[in-house]
Every structure is written in C-alpha cells, then in structure tokens.
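What follows is one structure encoded as structure tokens, with my remarks underneath.
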Amino acid sequence: MKNISQKLFAAVMAVALSAAILPLSTFAQAKAGGIDLAGMDTAIRPGDDFFMYANGSWYKNTEIPADRSSLGAFNAIDDVVKKRTASLIEHAESAKDPESRAIAAYYKAFMNTDAIEKLGLSPLKSGLAEIAAIKDAKGLSRILGSQLRADVDPLNMTNFYTPHLFGLFVSPNFTDPKKNVPYLLQGGLGMEERDVYLKDDERSKMLREKYLEHIAAVLKLANIDDAEAKAKRIFDLELKIARVHADPEESSDVHKANNPWKRAEFAAKAPGIDWTAFFTAAKLNDQPLFIVWHPGATVGESALVASEPIETWKEYLTFRAIDSASPLLPKAFADESFNFYGKTAAGLQQQTARDRRAIAATGNALGDAVGKLYVGKYFPARAKSDIQALVKNIVVAFGKRIDSLTWMSPQTKAKAKQKLGTLYVGVGYPDKFRSYKGVVIKDNDALGNNQRLSLFNYEWNLKRLHQPVDKTLWWITPQTVNALNLPLQNALNFPAAILNPPFFDMNADPVENYGAIGAVIGHEISHSFDNMGSEFDAYGKMTKWWTPEDFQHFTESGERLAAQFDAYEPLPGVHVNGKLTLGENIADVAGLSAAYDAYRAAYKGKAAPSKDGFSGDQRFFLAFGQAWRGKMRPQTLRAIIATNGHAPGEFRADTVRNLDAWYTAFDVKPGEKLYLAPNDRVRVW
Numbered sequence: 008m009k010n011i012s013q014k015l016f017a018a019v020m021a022v023a024l025s026a027a028i029l030p031l032s033t034f035a036q037a038k039a040g041g042i043d044l045a046g047m048d049t050a051i052r053p054g055d056d057f058f059m060y061a062n063g064s065w066y067k068n069t070e071i072p073a074d075r076s077s078l079g080a081f082n083a084i085d086d087v088v089k090k091r092t093a094s095l096i097e098h099a100e101s102a103k104d105p106e107s108r109a110i111a112a113y114y115k116a117f118m119n120t121d122a123i124e125k126l127g128l129s130p131l132k133s134g135l136a137e138i139a140a141i142k143d144a145k146g147l148s149r150i151l152g153s154q155l156r157a158d159v160d161p162l163n164m165t166n167f168y169t170p171h172l173f174g175l176f177v178s179p180n181f182t183d184p185k186k187n188v189p190y191l192l193q194g195g196l197g198m199e200e201r202d203v204y205l206k207d208d209e210r211s212k213m214l215r216e217k218y219l220e221h222i223a224a225v226l227k228l229a230n231i232d233d234a235e236a237k238a239k240r241i242f243d244l245e246l247k248i249a250r251v252h253a254d255p256e257e258s259s260d261v262h263k264a265n266n267p268w269k270r271a272e273f274a275a276k277a278p279g280i281d282w283t284a285f286f287t288a289a290k291l292n293d294q295p296l297f298i299v300w301h302p303g304a305t306v307g308e309s310a311l312v313a314s315e316p317i318e319t320w321k322e323y324l325t326f327r328a329i330d331s332a333s334p335l336l337p338k339a340f341a342d343e344s345f346n347f348y349g350k351t352a353a354g355l356q357q358q359t360a361r362d363r364r365a366i367a368a369t370g371n372a373l374g375d376a377v378g379k380l381y382v383g384k385y386f387p388a389r390a391k392s393d394i395q396a397l398v399k400n401i402v403v404a405f406g407k408r409i410d411s412l413t414w415m416s417p418q419t420k421a422k423a424k425q426k427l428g429t430l431y432v433g434v435g436y437p438d439k440f441r442s443y444k445g446v447v448i449k450d451n452d453a454l455g456n457n458q459r460l461s462l463f464n465y466e467w468n469l470k471r472l473h474q475p476v477d478k479t480l481w482w483i484t485p486q487t488v489n490a491l492n493l494p495l496q497n498a499l500n501f502p503a504a505i506l507n508p509p510f511f512d513m514n515a516d517p518v519e520n521y522g523a524i525g526a527v528i529g530h531e532i533s534h535s536f537d538n539m540g541s542e543f544d545a546y547g548k549m550t551k552w553w554t555p556e557d558f559q560h561f562t563e564s565g566e567r568l569a570a571q572f573d574a575y576e577p578l579p580g581v582h583v584n585g586k587l588t589l590g591e592n593i594a595d596v597a598g599l600s601a602a603y604d605a606y607r608a609a610y611k612g613k614a615a616p617s618k619d620g621f622s623g624d625q626r627f628f629l630a631f632g633q634a635w636r637g638k639m640r641p642q643t644l645r646a647i648i649a650t651n652g653h654a655p656g657e658f659r660a661d662t663v664r665n666l667d668a669w670y671t672a673f674d675v676k677p678g679e680k681l682y683l684a685p686n687d688r689v690r691v692w
C-alpha cells in the first residue's frame with residue numbers, strides 16, 4: 008500500500024499538492040466503531056457498483072476542499088494524526104531534550120516568514136556560486152555528484168522521482184541480500200510525469216506551455232537576465248532528458264533494474280560524465296559495485312553532459328536549485344511554485360495553510376524524532392497486541408490458502424511456506440529510532456534546515472553501505488498513514504498512524520477490523536507473493552524458486568487480472584493500466600481473500616452476527632469498500648493513472664467481484680455489471 012514520493016524538498020511541496028490536513032470529517036466520526044450507514048447509497052445495487060453502494064451518499068455530498076487534490080479515508084486519518092502532531096510540536100517547545108528542541112525549532116523556522124523573506128536566496132548563494140563557476144564537463148560532473156541524495160525508493164515506497172539528475176537508493180543487493188549496495192536511478196525532470204514531455208494530447212501540450220512560463224517566471228523572480236531564452240533552453244534540455252528516461256512500466260520491472268556495474272566500468276559504459284569527479288563529490292568513489300536501475304537513462308543522461316553546452320547545463324542547474332527550494336523561499340517564489348504545481352498541474356484552488364504545511368514538513372523532515380513522541384502518547388500497548396494477533400491469524404490463513412492450491416506443486420508450496428514463515432512483521436514503530444544527533448536545526452533558517460537534513464539523510468544511508476543488513480530496519484515513520492512490504496528484507500511495516508479508524512478501531516467488532524485493516528495486512532503479506540514479490544525468496548534474494556509450470560500458471564492468472572483492470576475507464580478515453588498496477592491488484596485480491604478466511608476462522612467458521620440490517624459477511628465487505636472511499640480531481644486522477652502503480656480506489660473496492668463469498672453475501676446475479684462467471688474470477692492465491 009505504497010503512496011507517493013517521499014523526499015525532503017518534495018515532501019514539503021507534496022503537502023501543498025496532495026493530501027495534507029482535512030477537517031475531521033463526518034466519515035471519520037461515523038466510521039469509528041462501525042459501518043458508515045449514512046455514507047452508503049442503498050439505491051444502487053452492490054452487484055452494479057459496489058464502490059458507490061458502499062460510499063455513494065458520501066461521494067455525492069462531499070466536495071474536495073479548495074486546497075486539496077483528493078479526499079478520502081487516508082485523509083481522514085491523516086487529519087487526526089496531524090492534529091496530534093501539532094500538539095506534540097507545541098509541547099516540544101518547552102521540552103529540554105535535544106530532539107524535542109529540534110522539532111520545535113524546525114517548525115518555528117518554517118513558520119518564520121519574516122526570516123524567510125529577510126534571507127531571500129542567501130541559503131542558496133554558495134550552491135549557485137558553485138554552479139556559476141563550472142568551466143567544463145569535469146566541473147559539471149562534480150556538481151552533479153555533490154547533489155546526489157538518497158531520495159528515491161523504487162521497491163518499498165515505489166518512489167522513482169528525484170529532481171536531481173540521479174537518485175540514490177541504498178538497500179540489500181538483489182542477488183546477495185546480506186550486503187547493502189547503492190542503486191542508481193534516473194532523475195532530473197521538473198514535471199514528474201515523463202509522458203507529459205512527450206505526448207501530444209491537449210493536457211500534455213498545455214502543461215508544457217505552462218511549465219515553460221513557470222521556468223521563466225522563476226528566473227525573473229531571481230533577477231536572472233534573458234529569462235525567456237534561458238527558460239526555452241532549460242525546457243529543451245529537460246525534454247532531451249525525458250526522451251532517454253524509462254517509462255513507468257519499465258521502471259517497475261525488477262529484472263530490467265538488476266544491472267550490476269563495477270565502479271571502473273562507468274566511463275566505458277556511460278561516457279560523457281567524468282565519473283571519477285562525480286563519485287568523488289558524491290563520497291562514493293571507493294564503492295566497488297553499483298546496481299544501475301535505469302541503464303538506458305544513465306547512458307543517455309551521461310551523453311547529454313557531453314553533447315549539451317555547459318552554459319545550458321548551468322542555466323538548468325540554477326533553475327532546478329531555485330525551483331526545488333521554492334516552498335521554503337520568500338512568498339513570491341512559494342506562490343509561483345504553487346501556481347504551477349498546485350493550481351495548473353494538480354487543479355488546486357488554494358494553497359494549504361502554512362501551519363498545516365509546517366506540521367507535515369516537520370513530521371517528514373524529523374520523522375523518527377516525531378514518531379518517537381507520537382507512539383509514546385498515542386499508540387497504546389493494546390493496539391499493538393491486537394494488530395499482532397490479527398497479523399498472526401491472517402498469516403495462518405494465507406498459509407492454509409497455499410496448502411489448498413490445487414495447481415501448485417509441493418516443491419513450490421514448500422518454498423512459499425518457507426517465505427511466509429520467515430516474514431518479519433513490524434507493528435507500530437521500529438525497535439530502534441534514528442538519532443539526529445549532530446544536525447544543526449535553527450529556528451530562523453527553514454531552507455538551511457532542510458538542506459542540512461537532506462545531507463544528513465544521505466550520509467546516514469552511505470554509512471549503511473558498510474554495515475550488515477538489518478532485516479528489522481523500517482522504511483516509514485510511525486506517524487505516516489501507510490503500510491509497506493519490503494521485498495529485499497522479506498518484511499512488513501505497519502505504522503501506528505494507519506492503525507486508526509476507519510481502518511482499525513479497538514472498540515469495533517472484529518469483523519469490521521478484518522474487513523478494513525485485515526485486508527491491508529493481507530494486502531501487504533500478499534505483496535511477498537505478487538508479480539514482483541514472487542521473484543524474491545525467503546531471504547530476499549532475487550531467484551526463481553518456482554517450478555516453470557507453476558510460474559506459468561501464476562503469470563497467466565496475473566494476465567487475466569491485468570485485463571480486468573485494463574477495462575476500467577475512470578475518465579473518457581483514459582483506462583487503468585492493468586500491467587502497471589498488477590502488483591497492487593494481486594495483493595488486493597489475495598489479501599482480501601486471506602482476510603476473509605481469517606475473519607471466518609476468528610468466528611469459528613461462522614459468519615459474524617448481523618447488525619444494522621447487514622449480515623456478518625456483508626459487514627466485512629462493506630468495511631473493505633468504505634476503506635477505499637475517496638475522490639480525486641481529474642488532473643490528479645490522470646497523473647495517478649499515468650505514473651502510479653495503484654489503481655484508483657473505486658476500482659480497488661471492486662476487487663470483491665473476484666471472491667465467491669461476496670456474490671453469496673449480496674446475492675449478486677448474472678446481468679449485474681460487476682458479475683463475473685465463476686471461471687472468470689481471478690484467484691491468484
């Protein structure tokens with residue numbers, strides 16, 4: 008259940024562009040402890056549109072706030088979490104421990120607009136001077152290397168975006184998971200969608216025109232001469248970068264990503280960049296081995312360093328430095344950033360209030376420090392033990408599903424059970440929190456704080472290259488509303504934040520918790536056995552542990568599920584990409600199936616009692632359907648479909664059409680829109 012990009016600079020911008028803080032919705036209040044009856048539309052037949060049956064009244068009567076691109080169940084929880092975080096920050100001001108003081112100072116600096124206006128571009132002065140001093144390809148390579156940051160995560164968070172020319176990901180080696188290695192990924196685009204640079208549809212053309220205007224506007228705000236001509240050269244360079252980038256489907260293929268390059272091979276394989284200068288500046292020159300996730304882009308981007316004029320690269324790097332920092336620069340820059348990325352690209356009508364952005368930014372930048380305070384106050388021991396029991400039951404249910412597969416050989420079953428049996432499950436928070444000792448956080452230097460934390464995070468990851476792999480390492484903070492499967496660690500993370508209504512309520516009936524958070528737990532377990540997870544064994548090694556016949560059967564089931572999602576059309580002429588979203592869709596189907604089995608086992612093989620006119624099985628499926636409640640602006644929906652590995656929530660809710668029990672629960676018959684003949688229902692696990 009991975010969401011969107013997590014970066015220090017971009018996380019600040021993401022607050023303005025996507026789900027920040029919402030007023031506590033009636034949905035969040037009503038859903039606590041039960042199904043939200045008022046949010047349903049029972050005039051709709053569940054077999055025609057289960058999402059609208061479960062959520063139709065809410066959907067019709069809910070408007071997306073002007074400062075949001077989307078609204079839904081995740082936002083409702085995020086609202087509660089951010090209010091709690093605000094309280095923690097408020098009390099941190101009077102605390103004496105260094106990390107609490109750092110939290111208070113970071114927040115205060117973000118809110119200190121007078122200091123931001125006074126500083127102007129001065130926090131960027133030294134970096135811009137270094138760019139201006141570039142004389143040749145060696146100097147350019149040195150700057151590109153110095154900008155490398157650990158700001159991508161293609162496996163755990165499915166975050167492929169970095170504003171820098173390359174991004175770094177430190178993780179266990181695909182084929183030797185006992186050792187951490189650096190993965191190098193493509194980057195360098197201002198607009199996250201590669202296809203926006205390349206397609207000829209009206210939206211892409213409009214965004215290219217507006218982005219060109221945005222580049223010029225930023226340069227003018229920085230008092231840079233000849234802004235329009237420079238903007239055109241900068242855009243043309245980004246267009247050339249986009250042309251050598253891999254598309255989202257190729258990026259999600261781990262086999263295409265497994266390209267070990269020795270350090271000494273870079274000059275021959277990707278000429279153009281002075282790789283000695285690059286890696287020395289990146290503090291990686293003594294690293295013997297890299298995995299190049301995007302070899303085509305690495306070759307192409309390196310060639311552009313040689314082929315494009317140095318002055319154009321300097322103009323590009325100057326713009327990228329200012330544009331990436333804009334949310335923490337004076338108001339004129341922040342407003343221009345929002346006008347393009349928020350209004351034009353995401354369709355927002357107004358910017359999120361600064362205090363709300365500050366809360367989210369603080370929680371992102373000092374994630375473990377805030378997380379430690381969060382779980383200490385808001386995550387009771389009973390919640391952890393309840394979730395651990397749910398996890399155990401769903402793991403058992405998944406194991407029984409493996410045992411019952413008629414098409415899978417005993418050899419493959421044994422390997423699958425071994426993987427399931429060695430799965431590490433982290434609930435609530437990590438065993439050990441990251442320390443921020445040594446990072447200077449000032450209450451009057453918002454951008455400087457971000458720069459120092461970005462470098463600290465990078466150097467923390469570099470240290471991991473010389474440390475043993477830690478299977479219990481968390482890739483998400485406790486206050487993040489999400490959950491993760493970590494394929495190279497064969498591990499799961501369920502942060503404290505997602506363990507709240509509407510996903511989990513200690514006071515709800517078990518059936519509803521199984522339908523909501525149980526399906527999430529099942530989903531993450533199932534990621535270990537989806538189209539990507541199935542490539543990794545019990546130890547996190549990329550290897551073929553299936554018999555060829557079993558894998559062929561599995562692949563064919565995946566193709567059927569991809570075709571099912573290809574047929575969905577959220578916007579006229581815009582279809583869900585079944586191949587791009589396949590891993591998430593497999594996890595949804597398998598996870599919901601395992602959660603259903605575990606729920607029935609918890610009730611001794613029977614359905615839960617009826618309540619509010621709904622049977623136990625109906626309550627299970629309604630809890631699942633309402634967990635995927637949400638709506639998006641068309642601009643956001645288009646972007647999600649183009650680049651994201653998740654289908655829109657309405658179609659994820661309709662996953663139920665692949666479970667026989669759903670048909671029985673709601674008496675779904677042939678002729679209804681979601682009806683699938685028994686042989687057409689996809690049963691992957």
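In this note's numbering, the protein residues as written are 8 to 692. Backbone N, C-alpha and C fix where the C-beta goes; we use that ideal spot for every residue, glycine too. None of the values given here were measured: they were computed from a predicted structure.
Between Asp624 and Ala614 the beta-carbon gap is near 5 Å, inside 8 Å, which marks them as a contact. The DSSP-derived three-state label of Ser178 is strand. The segment 383–396 makes contact with the segment 504–524, as at least three CB pairs between them are under 8 Å.
Just so you know, the alpha carbons of Tyr610 and Val203 end up roughly 51 Å apart.
Between Ala634 and Phe510, the gap from beta carbon to beta carbon is short of 8 Å.
As summarised for the segment 624–677, the continuous beta strand (DSSP E) elements at least 3 residues long and confined to that stretch are 637–639, given in chain order.
Counting C-beta atoms within 10 angstroms of its own C-beta, Pro189 has 16 or more neighbours from the protein chains shown and is therefore classed as buried. DSSP places Tyr385 inside the alpha helix (DSSP H), whose first and last residues are 374–385.
Separation of Asn464 and Ala372 (C-alpha to C-alpha, rounded to the nearest whole angstrom) is 9 Å. Residues of the same chain with a CB within less than 6 Å of the CB of Gly194, apart from the 5 flanking positions on each side, are Thr169, His171, Leu172, Phe173, Gly174 in chain order. The three-state reading of DSSP puts Gly433 in strand, counting E and B together. Close CB contacts of Ala404 within its chain, under the 6 Å cut and outside five residues either way in sequence, are with Ala601, Asp604, Ala605 (chain order). Of the other Cβ atoms in all chains shown, 16 or more fall within 10 Å of the Cβ of Gln154; this residue is therefore buried. When only Cα atoms are considered, Asn346 and Ile241 end up about 19 Å apart. In the DSSP assignment, Asn456 falls within the unbroken alpha helix (DSSP H) covering 453–471.
For the beta strand (DSSP E) assignment, the uninterrupted runs of no fewer than 3 residues enclosed by the segment 47–134 are, from N- to C-terminal side, 77–79. Within its own chain, the residues whose Cβ lies closer than 6 Å to the Cβ of Gly370, once the five positions on either side in sequence are excluded, are Thr92, Val377, Gln486, listed in chain order. Contact check for Asp330 and Val159: beta-carbon distance about 18 Å, past the 8 Å limit, so the pair fails to qualify. Note that the C-beta distance between Glu531 and Ala570 is not below 8 Å. Per the coordinates, the alpha-carbon of Glu272 lies some 28 Å from the alpha-carbon of Gln496. Here Glu591 is buried. Its C-beta has 16 or more other C-beta atoms within 10 Å.
Burial is judged here by how many other beta carbons sit within 10 angstroms of a residue's own beta carbon; Pro316 has fewer than 16 and is exposed. For Glu322, the closest alpha carbon among the candidates Ala238, Lys142, Leu291 is that of Ala238. For Leu427, the enclosing alpha helix (DSSP H) stretches over residues 417–428.
For Val159, the secondary structure class from DSSP, reduced to helix, strand or coil, is coil. Gly612 is not a Cβ neighbour of Gly529, given a cutoff of 8 Å. For Ala498, the beta-bridge partners assigned by DSSP are Tyr431, Leu493. With 16 or more other Cβ atoms from the protein chains shown falling within 10 Å of its own Cβ, Asn538 counts as buried. The way I'd put it, the segment 450–467 does touch the segment 325–339; three or more beta-carbon pairs between them come closer than 8 Å.
Residue burial is scored here from C-beta neighbours: Ala304 has at least 16 other C-beta atoms within 10 angstroms and is therefore classed as buried.
For Pro267, there is no enclosing alpha helix (DSSP H); the residue is part of the beta strand (DSSP E) that begins and ends at 267–269. Counting along the chain, the unbroken alpha helix (DSSP H) around Asn592 starts and ends at 589–609.
Our two residues, Gly620 and Leu589, have alpha carbons roughly 35 Å apart in a direct line. In the three-state reduction of the DSSP assignment, Ile448 falls in the coil class.
Beta bridge pairing from DSSP links Val188 with Ser178.
Looking at the backbone, the Cα of Gln458 and that of Ile483 are separated by about 20 Å.
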